[in-house]
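Below is one structure; the comments refer to it alone.
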Amino acid sequence: MPAKLLLFLVFVNVALVKGQTCIDTIETSIGKILVFSNQTWRLYDENKFDGVMNKRVHQFMTEKQQFKFNLNWNNNSYLSGARNDLGQMKDSVWVHLNGGESSEYFPPVSGIVTSTYKFRNGRQHTGMDLDLETGDTVYAAWSGKVRYAKYNEGGYGNLVVLRHPNSFETYYGHLSKFLVYPNQEVVAGEPIALGGNTGHSFGSHLHFEVRFYDATMNPEEIINFQTKKLKNDSVLVHSGLFRAGAKPSDHYYSGNKEVDNSTEDKGEVIKINPKPVVRASQAKYYQVRSGDTLSSIARKHGTTISQLCQLNKIKTSTTLQIGKSLRVK
Ligand SMILES: [Zn+2]
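If you read the sequence shown in the numbering used here, its first letter stands for residue 0, the second for the next number, and so on.
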């Protein structure tokens, strides 16, 4: 693209975001990121992203069966809005959960299970409840991209939804504070929020869901919550996974007031380079506090400014945002 045209497009984008000035642009594997003066940021060409993070799986879901299963990229609804009924899946597909198309798994919180995926008070409980204290850090279970991070009227309270490169999504409900933005990339084990008691919740806990093409499944099919490890490195995705306890259509569209504003229009497909697999156990994060500078953080963690910039895809001139996590290792 000619530099003049690019510059023009950047300025058009700036004009659209009222009262904010674009102070930096960063190239990442998923495209250009615009950084604004109020320390928020967003992906430059997000409207072109069709939400497909795994072409192999998506090809299987859309071509190899009687039905077409959609996977929209929707920042405004907790569901992608595709209205798939996975009970209709005719075929099955192996999907990596550890290695391959996936990062390693990282337990989202360390607390014990207080409720499982089951019928509860005449309704399907669509995830696992994990114990925590309000303010405890909640971590990304796998590397991926933030699809949704906002207050949900349907009961989840403050909710983060991550989409992962293997096409699974994970849901983190009842949070007290967000540490990530929609469309942000995260790595497994990165702090994404602080736990809480928002929404339909009586007592602080994390409501954790695993979904595939919008359909919920029992997280215990793939995760051992006692040992906090995966049961297997991969899972055979088939219609039976989504039938445990209830038909998906019985529970995954109920009780939510959000409007489905997604469209069938897929737009232009952008190429996503596979993210390097990060071993969560090696990655370390630090929450930026008032008065911190890149050099003080680097000194504190025995690293260098240029290493910090490289790890976090930022420039030395980037303004640090208080409360935001920086990867230091
Ligand atoms: Zn729950």
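In this text, a Cβ means the ideal position worked out from N, Cα and C, and glycines have one as well.
Counting C-beta atoms within 10 angstroms of its own C-beta, Glu-26 has fewer than 16 neighbours from the protein chains shown and is therefore classed as exposed.
Scanning the region 197-227 for uninterrupted beta strand (DSSP E) segments of 3 residues or longer gives 204-211 and 214-216, listed from N- to C-terminal end. For Met-60, the CB contacts under 7 Å within the same chain, skipping 5 residues up- and downstream, are Phe-68 and Tyr-212 in chain order. Not one heavy atom of ligand 1 is found less than 7 Å from the C-beta of Asp-130. Here Phe-177 is buried. Its C-beta has 16 or more other C-beta atoms within 10 Å. Distances from the CB of Ser-114 to the heavy atoms of ligand 1 include at least one below 7 Å.
The region 178-190 makes no contact with the region 222-234, as fewer than three CB pairs between them are under 8 Å. In terms of side-chain proximity, the C-beta atom of Gly-202 is found no nearer than 7 Å to any non-hydrogen atom of ligand 1. Around the beta-carbon of Leu-235, fewer than 16 other beta-carbon atoms lie within 10 Å, marking it exposed. Residue environment for Gly-126: buried (at least 16 other C-beta atoms within 10 angstroms of its C-beta). Ala-192 carries a strand assignment under DSSP once its states are collapsed to helix, strand and coil. Rounded to the nearest whole angstrom, the CA to CA distance from Gly-50 to Lys-31 is 16 Å.
Here the region 147-162 makes no contact with the region 93-103; the two share fewer than three CB pairs at distances below 8 Å.
Here the distance from the Cβ of Gly-156 to the nearest heavy atom of ligand 1 is not below 7 Å. Ser-109 and Arg-55 have their C-alpha atoms some 33 Å from each other. Residue pairing from DSSP leaves Trp-141 without any beta-bridge partner. Val-145 is not a Cβ neighbour of Pro-107, given a cutoff of 8 Å.
One Cα belongs to Val-186, the other to Gly-172, and the distance between them is close to 19 Å. In terms of CA proximity to Gln-286, Ile-191 leads the group Val-209, Asp-232, Ile-191 and Tyr-147.
With respect to Asp-135, Leu-193 sits close: the two C-beta atoms are nearer than 8 Å. Only residues of its own chain outside the window of five on either side were considered, and among them Val-287, Arg-288 and Ser-289 have a CB closer than 7 Å to the CB of Ile-321, listed in chain order. Following the DSSP letters along the chain, one finds Val-56 inside the alpha helix (DSSP H) bounded by residues 54-62.
Its chain contains Leu-96, Val-209, Leu-229, Lys-230, Asn-231 and Val-234 as the residues whose beta carbon lies nearer than 8 Å to that of Ile-221, once the 5 sequence neighbours on both sides are disregarded; these appear in chain order.
Under DSSP, His-95 shares a beta bridge with Ser-233.
Only residues of its own chain outside the window of five on either side were considered, and among them Tyr-77 and Leu-158 have a CB closer than 6 Å to the CB of Asn-151, listed in chain order. In the DSSP assignment, Arg-122 falls outside any alpha helix (DSSP H) and lies within the beta strand (DSSP E) extending over 122-124. Note that the C-beta distance between Asn-75 and Ala-214 is not below 8 Å. Residue pairing for Glu-26: DSSP places it in a beta bridge opposite Lys-31. Annotation for Lys-283: His-300, Arg-326, Val-327 and Lys-328 place their beta carbon closer than 8 Å to its own, counting only its chain and skipping 5 residues before and after. If you check the C-beta of Gly-198 against ligand 1, you find no heavy atom less than 7 Å away.
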